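S.K.:
Residue numbers (the UniProt record's numbering): 1 to 721.
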């Protein structure tokens, strides 16, 4: 296969319409990396004989040992369409050339966060299903007819899953629309009460183009190890000419058992969502640039950083050791001989320099004094550079540098530009919060295990960017303007559940552990690093395999110390259910009551948990800013240092944006008691507001601590000062 050079790939980056960002998705051990190797062989990056063996995109040592992918990695590939000429059967190269940015994502469930970060950068995905699994022919010994039935069943199962996702999205959208309509009717008053009783029908959606069918061309049968792939239409083209049958009919015959009955073509109305002209939707230049992938200099720059991955500093192109050619080695030797001669003539230098035999010096190459000074200056400059690099290498023998895994949606990004970094919590209404300015230090073309330096990247490409350390923790948005929609923030499908406590084997190395945990938290999109109230350093991972990878990175890459790991800590999650759903185990003890007594039995405490009515919970969430003002007032009266956390500060900020007014203390508790009074047939909420002791969690949440001790009075919130 011809080798594709980096210059060819860089040239294709400017053709935005011919760029495709594709992610390979599959279950573990279904052959994603093997298929990637086969595609790499088509560009001459590896030999076709090594496809499936070298696992080129698995750059980690533990990935090679386990045989599974743990980190998403990308590579740029060149693809040229081959078509039949109109004159004959000769196949010629078409002028259409494509740049394929391929991302190989993990298949293990522990690394689903890597799949989420990779898929957000892509235009589409190639779903890979291993239908043979080493058993179809050798063990099960299926006949060709049975094998076709097996393949047909797998296609149907995949379509069933796709249909479930589609139905779930439709139901979620319709539910949100119905809730919004219901709130609108409630705000408008009782005169529209009759409209709420009208039947609301679901809007019919066309899902005919989302399913996989071989006759439509979106199913490919392939073998990555053997290096072949085909679609039904290719055989239909071959037999259509020989049999004299239309190709469209043969496509269906080659897959289904019989021809479908003729269907009269009828005009189909496009769904409302699809009939809207997408060019009329953007309302500003930023959105217009996102939709059109504008690469002009006037277009705003909008890029999304999906994750930060760690790279050894020696692997960066600017720090990579350059292999000298034979001419460069001869030139360096010539300069060294001149330096030895100059040192001998001026009696300067160490004795080791003067020990060189004079027979090695070619006096015919000795230039005049001006050229000699220039050559010596060049040699001294190179020596200073080598010494500086050696000193840096000794000071930081294994420094890890973070590179952003990014995609550019609009504009052209260049080295040296200044951009705004918008964090996951960035809100355009508060442009100065969660926003910082950064200078682009370096741009990279990602080629699997290697990085190639770039000076600029046009829109539509997946690339690496340096210089974001200290500005982006896990993901973020890069923009040339603050008036940009925040693209950051990924909701992980599987939250980390396995937690362990860590401590260094040598207590004096605690600072190295803290720094290593900081680097690990930035390099892994799923891991969470916590410090408990006891001072323990805890990490949360998605599973056992993910935990092993994180511990290995800590010991070998980030902290570089021996670490003691505790047994997995099991988190407990409690909730409250209505009492009526369960019967008490004993007649004399109410359900949901906990009784504790002091050792001398003089004092007994009973604590009962009861779920709040839904309308009360909604009221408390809606007036969180009022609760915050009450807390501040109590702090002023009692001089207690109470502060809401940053989490609830964000909640209060969102409520302020929505225009919620701060109620007075008397008005707030009066309305709260009215919400309790709306609960029919329940006497436990009578005059409950007068006995509220505290709000929670974080002192401003929708949980209440209520005093139910008879004949015990204490100053409550309604009477603060």
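By construction, the Cβ of each residue, glycine as well, lies at the ideal position given by its N, Cα and C atoms.
All values derive from a computational prediction rather than experimental measurement.
1. Less than 8 Å between the beta carbons of residue 104 and residue 20, yes or no?
2. Measure the alpha-carbon distance for residue 441 versus residue 454 and round it to whole angstroms.
3. If you draw a straight line from the alpha carbon of residue 695 to that of residue 709, how long is it in whole angstroms?
4. When DSSP builds the beta bridges, which residues end up paired with residue 706?
5. Hey, how far is the Cα of residue 468 from the Cα of residue 438?
6. Rounded to the nearest angstrom, what separates residue 671 and residue 616 at their Cα positions?
7. Please report the straight-line C-alpha distance between residue 723 and residue 305, rounded to a whole angstrom.
8. Taking the CB atoms as reference points, tell me whether residue 692 and residue 674 lie closer together than 8 Å.
9. Have a look at residue 218 and residue 131 and give me their C-alpha separation to the nearest angstrom.
10. Please check the pair residue 226 and residue 543, which I expect to be a contact at CB under 8 Å, by giving their CB distance rounded to whole angstroms.
11. To the nearest angstrom, how far is the alpha carbon of residue 37 from that of residue 337?
12. Would you call residue 48 buried or exposed, if buried means 16 or more other Cβ atoms sit within 10 Å of its Cβ?
13. Below 8 Å, can you find three or more Cβ-Cβ pairs linking the region 403-416 to the region 297-317?
14. Helix, strand or coil, according to DSSP, for residue 14 in the structure here?
15. Who are residue 228's beta bridge partners in DSSP?
16. Is the beta carbon of residue 423 closer than 8 Å to that of residue 476?
17. Report the residue ranges of all beta strand (DSSP E) runs contained in full by the region 474-541; include only those spanning at least 3 residues, in chain order.
18. Per DSSP, what kind of secondary structure is residue 410 in: helix, strand or coil?
19. Using only the alpha-carbon positions, how far apart do residue 420 and residue 117 sit?
20. Pick out whichever of 214, 463, 152, 175 has its Cα sitting closest to the Cα of residue 99.
21. Looking at residue 12: is its Cβ nearer than 8 Å to the Cβ of residue 97?
22. Nearest CA to the CA of residue 204: which residue from 213, 174, 216, 182?
23. How is the beta strand (DSSP E) around residue 23 delimited, first residue to last?
24. Go ahead and pull the three-state DSSP assignment for residue 312.
25. Whose C-alpha, out of 679, 625, 699, 686, is nearest the C-alpha of residue 665?
26. Could you check whether the Cβ of residue 627 sits closer than 8 Å to any Cβ belonging to chain B?
27. Where does residue 238 land, buried or exposed, given buried means 16+ other C-beta within 10 angstroms?
28. So what's residue 64 in DSSP terms, helix, strand or just coil?
29. Label residue 236 either buried or exposed according to how many other C-beta atoms from any shown protein chain fall within 10 Å of its C-beta, with 16 as the threshold for buried.
30. Reducing DSSP to helix, strand and coil, say where residue 212 ends up.
31. Which runs of the beta strand (DSSP E) at least 3 residues long sit entirely within the region 401-456? Give them in chain order.
M.R.: Short version:
1. no
2. 11 Å
3. 18 Å
4. 692
5. 7 Å
6. In a straight line, the C-alpha of residue 671 is about 10 Å away from that of residue 616.
7. Within the shown structure, residues of the chain are numbered from 1 to 721, placing residue 723 beyond reach of any answer.
8. no
9. So the two alpha carbons sit approximately 16 Å from each other.
10. Contact doesn't hold; Cβ gap of about 33 Å is too wide.
11. 48 Å
12. exposed
13. The region 403-416 vs the region 297-317: in contact.
14. coil
15. In DSSP, residue 228 forms a bridge with 223.
16. Note that the C-beta distance between residue 476 and residue 423 is below 8 Å.
17. 476-479, 498-504, 528-531, 537-541
18. The three-state secondary structure of residue 410, taken from DSSP, is strand.
19. If I take the Cα positions, the gap works out to 21 Å.
20. 463
21. Their beta carbons are under 8 Å apart, which means residue 12 touches residue 97 by this criterion.
22. 174
23. 19-26
24. Strand at residue 312.
25. Considering only alpha carbons, the answer is 625.
26. The structure shown contains no chain B; it holds only a single protein chain.
27. exposed
28. Helix, per DSSP.
29. buried
30. coil
31. 412-414, 418-422, 435-439, 442-447, 450-454
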